[in-house]
Every structure is written in structure tokens, then in C-alpha cells.
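Here the structure comes first, spelled out in C-alpha cells, and everything after it is commentary.
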Amino acid sequence: MRDLRKAFGGVRAVDGCSFAVPGGKISGLIGPNGSGKTTTFNLLTGVIRPDDGQVIYKGENITGLKPHQVFSKRITRTFQVTRIFREMTVLENMLSVTGLAVPDRLARERAAELIAFVNLTHLRAEYAGRLSYGQQKLLEFARALMTDPDLILLDEPAAGVNRTLLQHLLEQIHRLQEMGKTIVIVEHDMNVIMNHCERIFVMDYGVKIAEGPPAEIQQNEQVLEAYFGRRRS
Amino acid sequence: MKRHEHLRNLALLAVVGLVLAFASDALSVYMRSFVLFTMMYVVLALSWNIISGFTGYTSFGHVAFYGIGAYACAILVTDYGWHWVPTLGVAAAVAGVIAVAIGYPVLRLKGPYFAIAMLGAAEGTRVIATVWDSLTHGGLGISLPSADTSFQTYYAMLALMVVTVVVAYGVGHSRFGVRLNAIREDEGAAEALGVNATLYKLAAFVLSAIFPAAAGGIQAYKVLYIDPPSVFFVQITIAMALMSMLGGKGTVIGPIVGAVLLYTVQELTWVNFPTAHLIAYGLFIVVIARFMPRGLMGLAIDRGWVRKGMVH
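One line per chain: the protein sequences are A and B, in this order.
Numbering of the first sequence is given in the numbering used here, commencing with residue 1 and proceeding in unit increments.
Numbering of the second sequence is given in the numbering used here, commencing with residue 234 and proceeding in unit increments.
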């Protein structure tokens, strides 16, 4: 994406942000609260329109496309707070996804596979709203994979999730990357970011302040300053 | 649901349809009328449910489509000498077009705003009917040519009810229906999963408009006199909403059960206490909101008598 800008009234949430996400790798997007990470995701997926700038995906300008159109480009995302369909069963949640130009039976098979992938088979006829928080996160994750997307944007997948489940999720994420998919993770959990991402982008006040592999980022003065404040000598 | 379950349900519908068809002879004029009204409310409740129950856009102005249908039939029969049956097709088509015209702007509103906008739309349609008297005869109303329409309208309403049930069932057991539910649950998330919400909402809205319009047309031919206040009657919207909610908004059987139950109760109390049914409506609303927000079907699902969800 290039030079993205988005202001909400007087708040410049994203102010000239540019970066290129490497294909086929797991990247991280970090930054203090309010730095514009989720807004960036929203701009990328068409939830909001940028005031300025472009989003280019695989050579195609997808700026300003509506969310369902972005989805049809094989880009999916999950949300910071899970947005599963509470009054619908787990299976219905899976089948609500479009773009599956396949007969019902095949769609159900894929849904069943993915439900099994996240160990929710025993709950497939239960209302999604009755699942535990961790299970809901898994459901949202599985649901996002129904159409076998190429680019997966995960917004704080580790938030509120216990260590065991997190390990499980991370294993799945690595498996997806091995299959050739590109993954971008927004996270506050530094262990997750530093140990699992090949490239990290850091935002602060709506702009990118650093970019590079984990080792570099950990030493970067600007990044430390953004998180911890100016060093007092 | 497995295929044999769908066939079983279809067979059940066929049986009910046949029974109602053959019973028409055995019924008194009053009873025929009663059954006709019950069937009409089944059509209205099921239709309302498509936009309000499945899609979650609660409409307080659906009577507009009913009235449009009534007028379409009345005008074509009286002023243009049409046979009444084809006018029902026109009624449905006109309602569909108007649904798109109203729906495109109004479906952008959420929740209560949409409900009130629809209320406004219904009132607006009533006013237009009153004022545009070169088309609608205004406040004088339209008197259709005299005829014994009791049997014909009964069969027509029966046919309409069967069609509506089949369509509602189809919506309720298809991926289209699942996506409507998704829009209701979380429109933003649904869009993020590829659902073109604008298109789906509009489709649901049109579907919910065409059957009430046909019902309105049949009604016009039955009572042979219509005027704006009688067809654009807000109580009709309240009735469809209440029936749907009582039975279970968002299910297929719910509105059917709700319509039959509520209309029967209404008729029984009306005979003895002419305005008591209004109090009963109020009471029902309170009871439903407090004790069974998901209606009778919701209770049945909670007790485990009926499976959850549509897709298994």
C-alpha cells in the first residue's frame, strides 16, 4: 500500500503510510494503541475508504473496493473482537461465506474439514454465541479460511487466548504459510510477533516508523521510544 | 435437513392444502371467510418475516404493499375491465418495483430508523392513494363490480398461501437464508465474508413485498370495496409483526403458527368483546418481549423439541 491517509474529523488515524507486504511470509504489524493498525486493516479490506493513497494487491489497484469485493480477491480478515454470528450454529457460520461456487455438499465437506481443523466438530450444531471466547476465536479463524484465501489478515489473534490454544493457533498459521499463503498479524503480544514473524512493520501516530526483521526491530531506537517514551539520560 | 425430510414437509403442505381446498364446500360463508383471513395472515406474517425476521430489518410499514396490491386489482378491474386474476400478477410486479424504489434508500438505515422510515412510507402511500384521485378515486374509494366472490377468492388465497409457504421454506433452508441471517447478526462481518449486503437486503425486501400485494388484491376482490383507510390500516402491519414474533421471528413455522393462533384468538374475542383484541395485542407484546423473545419456536428450540438452526 502506498501513501495511505485517513482522517476521522481532526484525527489523522493514518497519515501517509506505505509498506509492501512480502508474499508467502508471515508479517507482523505492531505499534502502540491508537497508532492506526486496525484502521489500516479496515482501509485494506474496504471497510473504510482512504482519503488519499492506494492499495495495490498482486499488481491490481483495489483501493476503495467494497468489503465483499475485496473478499472476492481472496483476501480475508479476522477482527479484534470476534464477530461471529451468535444466533446461528457453528456450521451455519461456516456456510454463510460466499464465493463458494460449489454444490452444497462440497461446501459442507469443506466446512466440516475446517471445523475439524479447529477441533469444534462436537459443537457444530451449537449456537456460536454459546461457545467460549477461545472457541469463538477458532470459529472466526476457520470461517475466514472457507474460500482458501491467499492473503489472511489477523487482528490480534492472541488477545484473550490461553497459551495452549495460542500454540495451536500459531501452528495452524505456520501450516498456512507453508501452503504458500501470506499472513499479516496485528498483535500486542511481543512473543508472538518476534518469534513467528519474518518481517515486522511498526506504526506510530499513523505512519510507519520502522520495518525489518525481528532482530533489527528490537534494537530500533524509534520503536523503543514509541513504546516506552524517550530515554532519560 | 436430509432430502426425505424436505419431501415429508412438502407432503404435509400438500395434505393441508388439499384438506383446505375440499373443505370449502362444507364450510359456512362465515367460516370460509375466517379461513381465508387466517390464510391471508399466514401469507403476511411469512412475508414480513423474510425482511424482518431473517434479515433483521424490522419493517413497520409493510401494509403499504398490501394496500398497493389492493389498489392495483381494484383499479384494473373497475376502470379497465380486467379479469381479476391477472391483476394479482400486476399487483405483485408493481409492489416489487416500488419495493426496490423504497428499499434502495431506506435499507441503508439501521434498526429503529428503518422501522420508522417504513412507517412513514406506509403513511405516505396512504396519502398518495387519497390525493391521487384521478387514479385511485381518492377518499371515495373504489367499488368493484358486484359478484359472488367467496369461493374464488378462497381458492386464490389458498394457492397464494401454498406458494408463500414454499418460498419462505426455500429461503429458510438455503444458503441465501443463511446469508440473510448473517446480515442480521452482523452486517459488517457478513460483508467481510463476501456477502453483498445491499443486494441481499433488496432481494429479501422485494420477496417480502410481492406476496402481501397479491393478498391485498385478493382481498379487494373479496370485499368489493376499498378505500385508503381500510387498506392502509396500520393494524395490519402490527398484526403481521406480532404474529411473526409470537410464533418465532426468523423461523419458517413460527409465523405460520403465530398467524393461526393470533387470528383465531382475535376472532374469538372480537365476537364477544369488539375492542378487546387491541388490549390483547398489547398484552401479547409485553409477554413476548419479557418471556419469549424468540417466540413459541424459540421456546421449542430451547426445550429441545426442535433442532437449532436451519442447516444440519
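Backbone N, C-alpha and C fix where the C-beta goes; we use that ideal spot for every residue, glycine too.
Just so it is clear, the structure is predicted and the values come from calculations on it, not from any experiment.
Residues that DSSP places opposite residue i in a beta bridge
i              : result
R199 (chain A) : A:S27
D312 (chain B) : DSSP lists no partner for D312 (chain B).
T182 (chain A) : A:L151
Y57 (chain A)  : A:E60
D204 (chain A) : A:V207
T89 (chain A)  : A:Y127
D381 (chain B) : Looking at the DSSP assignment, D381 (chain B) forms no beta bridge with any residue, so it has no partner.
C-beta atoms of residue i and residue j nearer than 7 Å
i              : j              : result
I283 (chain B) : S441 (chain B) : yes
L120 (chain A) : V90 (chain A)  : yes
L246 (chain B) : V398 (chain B) : yes
A278 (chain B) : G491 (chain B) : yes
F496 (chain B) : Y274 (chain B) : Going by the sequence as given, residue 496 (chain B) is Tyr instead of Phe. It is a contact, given that the beta carbons lie within the stated cut-off.
G28 (chain A)  : I185 (chain A) : yes
Y433 (chain B) : V485 (chain B) : no
A128 (chain A) : R83 (chain A)  : no
I30 (chain A)  : Q177 (chain A) : no
I235 (chain A) : V55 (chain A)  : Only positions 1 to 233 of chain A appear in the structure, and residue 235 (chain A) is not among them; the question remains open.
V202 (chain A) : A210 (chain A) : yes
G36 (chain A)  : G212 (chain A) : no
R265 (chain B) : Y387 (chain B) : yes
P488 (chain B) : Y299 (chain B) : no
A305 (chain B) : T320 (chain B) : yes
I217 (chain A) : I183 (chain A) : no
V396 (chain B) : G329 (chain B) : no
L269 (chain B) : M394 (chain B) : no
G46 (chain A)  : V70 (chain A)  : yes
K181 (chain A) : V161 (chain A) : no
G449 (chain B) : G302 (chain B) : yes
G336 (chain B) : G483 (chain B) : no
L457 (chain B) : L373 (chain B) : no
Where residue i falls: helix, strand or coil (DSSP)
i              : result
A13 (chain A)  : strand
H545 (chain B) : Summary for H545 (chain B): the model assigns pLDDT 43, below 50, so the residue's position carries little reliability; its value from the coordinates is reported in the next sentence. The answer is coil: DSSP assigns H545 (chain B) none of H, G, I, E or B.
T508 (chain B) : coil
Q80 (chain A)  : coil
S376 (chain B) : strand
T40 (chain A)  : helix
I283 (chain B) : helix
Y127 (chain A) : strand
D104 (chain A) : helix
H168 (chain A) : helix
Y299 (chain B) : helix
K137 (chain A) : helix
V485 (chain B) : coil
V223 (chain A) : helix
W538 (chain B) : coil
A159 (chain A) : coil
A290 (chain B) : It should be pointed out that residue 290 (chain B) corresponds to Tyr in this sequence rather than to Ala. Correct three-state label for Y290 (chain B): coil.
N33 (chain A)  : coil
H122 (chain A) : helix
T397 (chain B) : helix
L421 (chain B) : Residue identity differs from the one stated: residue 421 (chain B) is Gly in this sequence, not Leu. Looking at G421 (chain B) - three-state DSSP - the assignment turns out to be helix.
M94 (chain A)  : helix
Residue i: first and last residue of the uninterrupted beta strand (DSSP E) it sits in
i              : result
R77 (chain A)  : 75-77
E211 (chain A) : 207-212
Opening and closing residue of the alpha helix (DSSP H) in which residue i lies
i              : result
I534 (chain B) : 528-535
G480 (chain B) : 467-480
D460 (chain B) : Premise fails: D460 (chain B) is in no alpha helix (DSSP H) and is neither H nor E.
A348 (chain B) : 344-364
Y454 (chain B) : 430-456
Y337 (chain B) : 317-339
G250 (chain B) : 236-256
L145 (chain A) : L145 (chain A) -> no alpha helix (DSSP H), and no H or E assigned at all.
H68 (chain A)  : 67-72
E418 (chain B) : 408-418
Is the number of C-beta pairs between the segment 463-477 of chain B and the segment 275-290 of chain B that are closer than 8 Å three or more? yes
Mind the definition here: the segment 178-190 of chain A touches the segment 143-158 of chain A only if three or more C-beta pairs lie below 8 Å; say whether that holds. yes
Quick check: the segment 334-351 of chain B against the segment 445-453 of chain B, are there 3 or more CB pairs under 8 Å? no
Stretch pair the segment 357-364 of chain B + the segment 455-469 of chain B: three plus CB contacts closer than 8 Å: yes
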